[in-house]
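Below is one structure, written out as structure tokens; comments come after it.
Protein chains: 2
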Amino acid sequence: MIQSINRAMQIIETLSQNEKEQWLASELAEETGLPISTVYRITQSLIQHGLVTQIEATKHYELGYKWMELGLKMFEKLDVRDVTRPVLERLALEVEETVYLNLPRGFHSIIIERIDSPRNVKILDSIGERIPLHIGGANKSILANMPHKEVEEILERLVPVKLEREEFKKELASVKQKGYGISYGEKTKGTIAIGSPVFDFDGRVVGAISIEVLAYDITDERMRFFIEKVYEAAQQISSELSGAQLG
Amino acid sequence: MIQSINRAMQIIETLSQNEKEQWLASELAEETGLPISTVYRITQSLIQHGLVTQIEATKHYELGYKWMELGLKMFEKLDVRDVTRPVLERLALEVEETVYLNLPRGFHSIIIERIDSPRNVKILDSIGERIPLHIGGANKSILANMPHKEVEEILERLVPVKLEREEFKKELASVKQKGYGISYGEKTKGTIAIGSPVFDFDGRVVGAISIEVLAYDITDERMRFFIEKVYEAAQQISSELSGAQLG
DNA sequence: AGAATCTATTCCGCATTGTGGAATGAAAGC
DNA sequence: GCTTTCATTCCACAATGCGGAATAGATTCT
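One line per chain: the protein sequences are A and B, in this order.
Following my numbering, the numbering of the first sequence begins with 4 at its first residue and continues without gaps.
Following my numbering, the numbering of the second sequence begins with 4 at its first residue and continues without gaps.
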């Protein structure tokens, strides 16, 4: 709605693209389609606020410290994380695969915690990464346990075709009933993700933990093992979040 | 320079204040001195970009997910952190106090990692917190090892009185020579911080690790012990960052 | 060394954008 | 049912931000 803010965010988003770390004013202008004088004026303003940094020597622009400052501040406040970490760590050891904690934010979930697989072959999605809520085992188990009204709103945006949406809601019902969701190569081809929801003391979903494994060496038995472990871990976290004392 | 961006950041900074988590539009207007219609227009725009979230039910505003998304993304890129963590963890066990890793950003340093003291009495500064570069043992050991030109620029801003500045530079020279910096209650009254610099493969300071202890139960002997341990840990991290293989 | 070709950075007249006071609407308290 | 307290919308006005073009500075080519 406010032009300068939109444009500022265009520049910020460009700077945050993974492919490239350093951008020149001219490159930013090219990428965003904005006049270079405009890019210049806006970056100056953003620099004032710490949202963008300019490397003096090379004139390159980068994201500024403010993102880390406020991002970490928000991050620290999440006490779900503190409870989750030890459980996830044990889970990672038991299953020998990479495990994740995701929390929903709007139409996406954010990867909040990741414990890497102790094995050599790792599948690594980054902490901070955002994944649309209809993609992946973890997210499906989040959606499956959200209030219907919210789910409707989210799906209308993410799944435009009505028929698909109805299909998807049937899947969610099953995910809710079973207590876990599975995705086959939805986010990353060749991998399977198993997610299970985490609830707070009010019984509301606050997020989901998940395990991501390579599809090629999966057997039925291993699958059952993973599901059981992930489900147990999610249950334990939920219990701890609701204040119960488990042995 | 750009009014709407300045105002947007005023609102963001207000939202990020620790005292209060949730703000109404009217409260934001009061706090920032902006007309309420302006607050409204700007927050709407910020919501579009995920910089601010509005709790539907209560109309309260909070910081949006974008800060976490980009903040964590930047955070993940810091490989100093990966190298540092295990060393810091061992250090925390050995000294039984809270230890920190700080990285400089502009005129401040940011707390990037914290390993809590295993003891009951903890001194806890938050991850993400920003501390002016002339405050504290860690920051002094960073400043002491920066290029003179940069130090001059930073000190002109942080220490306005010329005489004090000259005094401070003498202290920095000593910190550089000794390899560690000490501060007595500079950031938190009643505590002592001992910091030691961390260097990359080029021999440039990338940050500092530090230990923060309560002043009242400190003896000369303990002090020597802490200094030695912090110094050793910093050395080890620097070696690892420069690619050397230590036993 | 001088010309040519880049970029970053600044300038400034113009009009689009953002402004903010006031009106509306909706909800809570008396 | 009247008053207060908010959020939200409206709109005439002009300040703010716009962007093409000029400048300055750096680098490469002849």
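Just so it is clear, CB atoms sit at the ideal spot from N, CA and C, and this is done for glycine as well.
Original post:
Thinking just about the alpha-carbon of each residue, which of B:Pro38, B:Leu49, B:Val42 and B:Gly140 is nearest to the one in Ser177 of chain B?
Top reply: With distances taken between CA atoms, Ser177 of chain B lies nearest to B:Gly140 out of B:Pro38, B:Leu49, B:Val42 and B:Gly140.
Subject >> CB contact check: Gln13 of chain A to chain B, cutoff 7 Å >> reply: So no, Gln13 of chain A is outside the interface.
Subject >> Cross-chain neighbours of Trp70 of chain A in chain B, by beta carbon under 7 Å >> reply: Near Trp70 of chain A (Cβ distances below 7 Å), the residues of chain B are Trp70, Leu73, Gly74 and Met77.
Subject >> Nearest to Met2 of chain B (by Cα), restricted to the options A:Pro38, A:Tyr43, A:His52 and A:Arg44 >> reply: No information on residue 2 of chain B is available, as it lies outside the stretch 4 to 250 that chain B covers here.
**OP:** Measure from the alpha carbon of Arg117 of chain B to the alpha carbon of each residue in B:Glu92, B:Gly184, B:Pro135 and B:Glu189, then state which is nearest.
**Re:** Nearest C-alpha to Arg117 of chain B: B:Glu92.
Original post:
Quick one: what's got a C-beta closer than 8 Å to Arg108 of chain A's C-beta in the same chain, skipping five residues either side?
Top reply: Arg133.
Original post:
Identify the residues that DSSP records as bridge partners of Gln6 of chain B: which are they?
Top reply: According to DSSP, Gln6 of chain B bridges with nothing at all.
Original post:
Does the beta-carbon of His151 of chain A have 16 or more other beta-carbons within 10 angstroms, so that it is buried, or is it exposed?
Top reply: By the 10 Å Cβ count, His151 of chain A comes out exposed.
Original post:
Which residue from B:Ser129, B:Glu100 and B:His111 puts its Cα closest to that of Ser120 of chain B?
Top reply: That would be B:Glu100, whose Cα lies nearest to the Cα of Ser120 of chain B.
Original post:
Quick one: does Leu249 of chain B have its CB under 7 Å from some CB of chain A?
Top reply: Reliability of the predicted coordinates at Leu249 of chain B is poor, the pLDDT of 39 falling under 50, and no value is obtained from them.
Original post:
Would you call Asp128 of chain A buried or exposed, if buried means 16 or more other Cβ atoms sit within 10 Å of its Cβ?
Top reply: Buried, by the Cβ-count rule.
**OP:** Starting from Tyr234 of chain A, follow the alpha helix (DSSP H) in both directions and report where the run begins and ends.
**Re:** That run of the alpha helix (DSSP H) goes Asp223 to Leu244.
**OP:** Find the residues of chain A that neighbour Met4 of chain B, judging by a C-beta separation of less than 8 Å, and give them in chain order.
**Re:** Contact of Met4 of chain B with chain A by beta-carbon distance below 8 Å involves Arg44, Gln47, Ser48 and Gln51.
Original post:
Are the C-beta atoms of Leu66 of chain B and some chain A residue less than 7 Å apart?
Top reply: So yes, Leu66 of chain B belongs to the interface.
Original post:
Are the C-beta atoms of Arg108 of chain A and some chain B residue less than 7 Å apart?
Top reply: Cβ-Cβ to chain B under 7 Å: yes for Arg108 of chain A.
**OP:** Within its chain, find whatever has a CB closer than 7 Å to the CB of Glu156 of chain B; leave out the 5 residues flanking it on each side and keep chain order.
**Re:** None.
**OP:** Taking C-beta pairs closer than 7 Å, name the residues in chain A that Arg133 of chain B reaches, listed in chain order.
**Re:** Near Arg133 of chain B (Cβ distances below 7 Å), the residues of chain A are Glu72.
Original post:
Which one or two residues does DSSP pair with Pro200 of chain A in a beta bridge?
Top reply: Its beta-bridge partners are A:Ala211.
**OP:** Express the C-alpha separation of Asp223 of chain B and Lys284 of chain B in angstroms, rounding to a whole number.
**Re:** Outside the modelled stretch of chain B, which goes from 4 to 250, sits residue 284 of chain B, for which no answer is possible.
Subject >> Chain-ordered chain A contacts of Ser129 of chain B [CB-CB under 9 Å] >> reply: Chain A residues near Ser129 of chain B: Leu75, Lys76 and Glu79.
Subject >> Limits of the unbroken beta strand (DSSP E) element including His111 of chain A >> reply: In this chain, the beta strand (DSSP E) harbouring His111 of chain A covers His111 to Ile118.
**OP:** Identify every run of the alpha helix (DSSP H) within the segment 20–94 of chain A, keeping only runs that are complete inside it and at least 4 residues long; order them along the chain.
**Re:** 28–35, 39–51 and 68–80, all fully within the segment 20–94 of chain A.
Original post:
Would you call Phe229 of chain B buried or exposed, if buried means 16 or more other Cβ atoms sit within 10 Å of its Cβ?
Top reply: Buried, since its Cβ has 16 or more Cβ neighbours within 10 Å.
Subject >> Buried or exposed by the 16-neighbour rule on C-beta atoms within 10 Å, applied to Tyr219 of chain A >> reply: Label assigned to Tyr219 of chain A: exposed.
**OP:** Can you give me the Cβ contacts of Glu24 of chain A inside the same chain, cut-off strictly under 8 Å, excluding the 5 residues immediately before and after it?
**Re:** Here Glu24 of chain A has Glu65 as same chain residues with Cβ atoms under 8 Å from its own Cβ, once five neighbours each way along the sequence are excluded.
Subject >> Sequence-distant residues of its chain with Cβ nearer than 8 Å to Leu27 of chain A (five each side left out) >> reply: Once the five neighbours on either side are set aside, the close Cβ partners of Leu27 of chain A are Lys62, His63 and Tyr64.
Original post:
For Arg108 of chain A, which three-state DSSP category applies?
Top reply: Shown here, Arg108 of chain A sits in a strand according to DSSP, grouped into three states.
Subject >> Beta-carbon proximity check, Thr194 of chain B vs Glu174 of chain B, cutoff 7 Å >> reply: Not closer than 7 Å, so no.
Original post:
Under the rule that 16 or more other beta-carbon atoms within 10 Å means buried, what is Gly250 of chain A, buried or exposed?
Top reply: Unreliable placement is indicated for Gly250 of chain A, whose pLDDT of 36 sits below 50; the coordinate value is still reported in the next sentence. Exposed, by the Cβ-count rule.
**OP:** Out of B:Gly184, B:Glu189 and B:Gly188, point me to the one whose CA is closest to Arg227 of chain B's CA.
**Re:** Of the candidates B:Gly184, B:Glu189 and B:Gly188, the one whose C-alpha sits nearest the C-alpha of Arg227 of chain B is B:Gly184.
Original post:
Counting only beta-carbon atoms, is Ser29 of chain B nearer than 7 Å to chain A?
Top reply: Output row for Ser29 of chain B: interface = no.
Original post:
If you drop the 5 nearest sequence neighbours on each side, which residues of the same chain put their C-beta closer than 6 Å to that of Ile126 of chain A?
Top reply: Apart from sequence neighbours up to five positions away, the residues of its chain that approach Ile126 of chain A with a beta-carbon distance below 6 Å are Thr101, Thr194 and Glu215, ordered along the chain.
Original post:
With a CB to CB cut of under 6 Å and the five nearest residues on each side skipped, what residues in its chain are close to Ile138 of chain B?
Top reply: If we look at Ile138 of chain B and ignore the five residues flanking it on each side, its Cβ neighbours are Glu189 and Lys190.
**OP:** Entirely within the segment 134–166 of chain B and at least 3 residues each: give me those beta strand (DSSP E) ranges in chain order.
**Re:** Qualifying beta strand (DSSP E) stretches: none in this window.
Original post:
Taking the beta strand (DSSP E) that Gly184 of chain B falls in, what are its first and last residues?
Top reply: That run of the beta strand (DSSP E) goes Gly184 to Tyr187.
Original post:
Hey, Met77 of chain A and Met71 of chain B are a contact pair by Cβ (cut 8 Å); roughly how many whole angstroms apart?
Top reply: Rounded, the Cβ-Cβ distance is 5 Å, consistent with contact.
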